[in-house]
Each structure stands twice: as structure tokens, then as C-alpha cells.
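Comments concern the structure below.
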Amino acid sequence: MKQIQGKIYIIGAGFAGKMICREIKEKGIFGEVAAFLDDDTSKIGTKISGIPVIGPVMEIIPVLKHEAQDEALIAIPSAEKAYLSKLYTQLKKSGFHKIKILPGISQIIEGDAHLVQAREIDPQDLLGRDPQIIGLKESIAYLRGKRVLITGAGGSIGSELARQLLSGGAQRLYLFGHGENSIYQIERELKLLQQGGVGESAVLVPVIGDIKDREFIFYILNKLKADVIFHCAAYKHVPLMEANPVAAIENNVFGTKNLLDGALESGVKRFVLISTDKAVSPVSVYGASKALCEELILHYAKKAGENQSFMSVRFGNVLGSRGSVLPLFLDQISQGGPLTVTHKDMERYFMTIPEACSLVLKAGGVGENGKMYLLDMGEPLKIYNIALQLIRFYGFEPDKDIKIKIIGTRPGERLTEPLWLKEENPVPTSYPGILDLKDKKQSVDIEKVLGKLADIVLSGNPGTDYEKSYQEEDFPFEYRNKEKLKQILIEFFPSLTQTQTESVV
């Protein structure tokens, strides 16, 4: 078959590089492997499957005779970010335009690396701290033969959970989401991964639905008979939710309640809520909505059946998630800047999406009913410094080629995000990267809160006459009353203050 690419230089002559080389040779359509690059002196000067091993890596790259269409493929799953950053810089300086990378070791199951997993290197591969190394196969053994439902499966966290779950031996993966395009994309990607030899033969089932639709949630959970639910679906964009507070509570809080009620009735064995540091002493409507979701988990844990467990996993920001600062900066760089930073001292805790998902999957297996877990986020990063690194990643000089503009904090934002309250008393578990919020207790009367919010959020359907056009007087007085909603939230969360943002609904 005709080759469609140039030569490929595989950096790393370990198990991953060898598997990739074998796959390229067998398929014969991706190009020709020119050489392995490695630092191991016992390998340099030898051949693997007839391919020479040359090195050391940093010294050999500048003297390689390569063409513009040639590709560098980094096949070192355990490489640290500092090394990857130097390697990337060296490759770019030496004229490599095509640089791909295999996923981290936590995503490669017991030496099972495939070419289909390789992707273009991007900034999140180089930013932040080195991730925890999770033995994923062991961590998700509890899901073997199970039916697993992921809400928000088309989102950043949900889709990565789905990718990692491919290797868990689950019987079925239910990809639940509201947006048809995102669910179509992740289902298609997972099928391509399966075709490329990644994972096992889990049946993929896309489900288009809305967690706000209580009747549908009860119907679908009883029909699907899911054993485990990873609840990732939520409205997350802080300023947008400040402008649409009722929508935030309706979706995040009452949608979660619908799922919990349905899970109780249908016999779901494990329910794992994805939470956020913004739930700690919330200063935004989004944060308050997630704080209420944590309260719901504690409440429903008391209702759990003998073989049921309801738990929450809280963590900070993840690099590259939709609506986060990284995609925004990338868009701004593509337009020539400026990069907009709200405050020079604004900082957040960050981890990569794959690391967060690996730890969530681990916590979902070892977690206990009614427990709140916190992922170890390491040290916080200044958003301003991330902007500097990104500009340099793309070969520009900050303030000379691309400027950084300080625009001021937005409604619902604070300079730092605490990960826990003192009274929650986080303690290490026997599992690296996972903390137990040991003394986390219910702090609000959740039934009282929901009772007060229900008239505002839920009572807006005067009837089901689909031919009728509705006027303002047809709706109950409290329906979608955003000022009243915020007053109720402030009553239970004094840290939440009124903002000057003009709310929509």
C-alpha cells in the first residue's frame, strides 16, 4: 500500500516505542520508521526489528537529516513534564513541525500501547506538575462485567472517563448527554480506539437525554440497569451561571436529585459525584449549586440500600477542560492576542484531565458510602504565569509579539480557591493522590433548601397544552425569580454575596 507520510522518528525504545514500530510496519500506511532515539547507552548502536537505535536524544536531534514532512513521535509514557518541555523545545528548534505523543503511563494498560492513541502534543502535556502514576487496570477491576453510565459523557471529564473505561472490561458503557454532537464525537472516538486495538469489547450505548427530565431519568435508569454512575454533567461556567442562576440550580441541583432518586429506585450500586473546589465557602451560584450537590450525596447516603454507595470526589481545575482558561488562551493566541487575565495574582490548583479521571475511577472503587474525597492537587499555579508559558510554547515573546491584558475579576470569582474547610479535616488514604474529608458533615437542611428553591425552579409549567401560547400572568409569582433564589442561597451560604451582574433567568 502506498505510504502517505514521511519518515517517523520514535523517541523512546521501550515497550511503547517497540509496539508502535511493530504496528506501523504491519499496517504499512503510516510511513517508515527511520530510527529510535533513546538515552540508554546499552541500546544505542543496536537495532530493534532492523531499525537503528541512536542517541543520546538531546544530542542527536540537532544533527538528524530529516525532511519537513517527517514526524517525531514521543513514546515515553513515564516522561516527566520538565523533560518533555526540553524535548519539545529541542525538536522545534531542529525543524520538526509534526510532533506527536502517546498518552501517559496511567492510560496505557500493562504495556498495551497503540498508534491510534498518539495525538499532537499540546501545552497541557508540558504545564503543571507531574501527574500521579495510577495502576489503572487494577484500579478499575471493580467495573469488570458491569454496566457503567457516565452523565455528561461528551464533556472534558466525562469523555476522558469513557476513554479510560474502555480498558476496564465493563460490559456496557452508557454515554449519557444532552448535546448530540458531543455524544456523537465521543462514541465515534471510542469506536476508533476499539478498532485500533485499545481496550476491550465493551458495548457502547449513546443516550441523549436531560437530567432535568425527571420522568425520563426514572424510565432510563430502570431500563438500563446501570451498576455504576459517574455523574459529571453540570453547568460549570462561573460568569455565565451568575447571569443564569435559576438555570444553574435547576440543572445542577435538581438534576442531581433526579439522578439520585432514580439510582435509589433502580438499584444502582455505586454513584460517584464529580465536585469542585468552588463548592468550598461558595462565592458563586455555580459553587453554591455544587455545595448543594455534596449535601445531597450525604443525604442520600443515609437512604442507601445494603449494597449501595453514594460518594463525592472533589478537585480543582483541570487543564484543557471546556470553558477553562487554557482553551480561551489558545483561541486568543490564534488571533494574535491579547491574552486576557483577570488579575495578576489569580491562582488555581490544576491537574491534567487524565490524572483527575484516573483518580476518580480509583476513588469510585475504593470509596465508601457517604464519604467525601478530595484529590491531591499539589501547589497552585498563577494564571498569569500560565499565559506566559503558553505564549512561549508557540514561539512568541510575551508583550513583544503577544500582549497580556489584565481585565479585572469577574462576578463569582476570587483570587484563590480553597480546597477544603478546616472542619472537614482532610487526611491521606492508603491510596496516593486521594484524601478523605474525614469530618465532612451535612451543614444545611437539604430538604428545607430544596423546598424553598422548588417553587422558583420547578413550578413553571401551568399545563401541557402544546397549542397554547403562554403569557407572564400564566406563571406562578415565584417562578424564575432570580432575586428570590439568590436570597435563599445566601441564607444557607453566607459566603455567597449578591453581584452586580444582570441576571437573565
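1 is the number of the first residue of the sequence shown in full-length UniProt numbering; add one for each residue after it.
Idealized CB from N, CA, C, for every residue including glycine.
Please read these numbers as outputs of a predicted model, since none were measured by experiment.
Lys225: buried (16+ other C-beta within 10 angstroms of its C-beta) or exposed? exposed
Looking at the unbroken alpha helix (DSSP H) that takes in His237, where does it start and where does it end? Here His237 belongs to no alpha helix (DSSP H), and DSSP marks it neither H nor E.
Which residues does DSSP list as the beta-bridge partners of Phe350? Asn317
If you reduce the DSSP assignment to three classes, tell me which class Val228 lands in. Three-state result, Val228: strand.
What residue range is occupied by the uninterrupted alpha helix (DSSP H) comprising Glu423? Per DSSP, Glu423 belongs to no alpha helix (DSSP H) and is neither H nor E.
Assign Ile140 to one of three DSSP states: helix, strand, or coil. coil
Please classify Glu502 as buried or exposed, where buried requires at least 16 neighbouring CB atoms within 10 angstroms. Reliability fails at Glu502, whose pLDDT of 45 lies under 50, so the model's placement of it is uncertain and no value is given.
Taking buried to mean at least 16 other C-beta atoms within 10 Å of its own C-beta, is Asn317 buried or exposed? buried
Taking the beta carbon of residue 509 as the centre, do at least 16 other beta carbons fall within 10 Å, making it buried, or is it exposed? Not covered by the structure: residue 509. The range shown for the chain is 1 to 505.
Below 8 Å CB to CB, which residues in the same chain sit around Glu413 once its five sequence neighbours on both sides are set aside? Val238, Pro239, Val283, Ser284, Thr342, Met346
Check the DSSP bridge columns for Lys405 and list the partner residues they point to. Thr340
Proximity of Arg144 and Gly179 at Cβ, strictly below 7 Å: no
Does the Cβ of Thr429 have 16 or more other Cβ atoms within 10 Å, making it buried, or fewer, making it exposed? buried
Look up Ala72 in the DSSP assignment and give the residues it is bridged to. Tyr9, Ile99
Once the 5 residues before and after Phe396 are set aside, which same chain residues still bring their CB inside 6 Å of it? Ile402
Which residues in the same chain have their Cβ closer than 6 Å to the Cβ of Gln69, if we skip the five residues on either side of it in sequence? Gly6, listed in sequence order.
Which whole runs of the beta strand (DSSP E) in the stretch 240 to 292 are 3 residues long or more, in chain order? 270 to 276
Can you tell me whether DSSP reads Ile220 as helix, strand or coil? helix
Give me the Cα-Cα distance between Ala113 and Gly50, rounded to the nearest whole angstrom. Looking at the two C-alpha atoms, the distance is approximately 20 Å.
CA-to-CA distance, Gly287 to Ile4, given in whole angstroms: Bear in mind that a pLDDT of 48 at Ile4, under 50, signals an unreliable position, so the number given afterwards is only what the model happens to contain. Their Cα atoms are separated by approximately 49 Å.
Given this structure, state the Cα-to-Cα distance separating Glu368 from Ala304, to the nearest angstrom. 11 Å
Between the alpha carbons of Phe230 and Ser42, how many angstroms are there, rounded? 46 Å
Give me, in chain order, the residues of the same chain whose beta-carbon lies closer than 6 Å to that of Met19; leave out the 5 immediate sequence neighbours on both sides. Ala113
Are there 16 or more other CB atoms within 10 angstroms of the CB of Leu485, so buried, or fewer, so exposed? Leu485 is classed as buried because its beta carbon has at least 16 other beta carbons within 10 Å across all chains shown.
Look at Val444 and Glu294 and say whether their C-beta atoms are less than 7 Å apart. no
Kindly indicate which three-state DSSP category Phe176 falls into: helix, strand or coil? Phe176 falls in the strand class under three-state DSSP.
Would you mind sorting Pro131 into buried or exposed? The rule is 16 or more other CB atoms within 10 Å of its CB. buried
Going by DSSP, which residues form a beta bridge with Tyr394? DSSP lists no partner for Tyr394.
Start-to-end residues for the alpha helix (DSSP H) that takes in Ala162: Going by DSSP, Ala162 is part of the alpha helix (DSSP H) stretching over 156 to 165.
Please determine if the stretch 211 to 226 and the stretch 256 to 263 are in contact, where contact requires at least 3 C-beta pairs separated by less than 8 Å. yes
How many Å lie between Gly408 and Thr340 at the Cα? Going by the C-alpha atoms only, they are around 9 Å apart.
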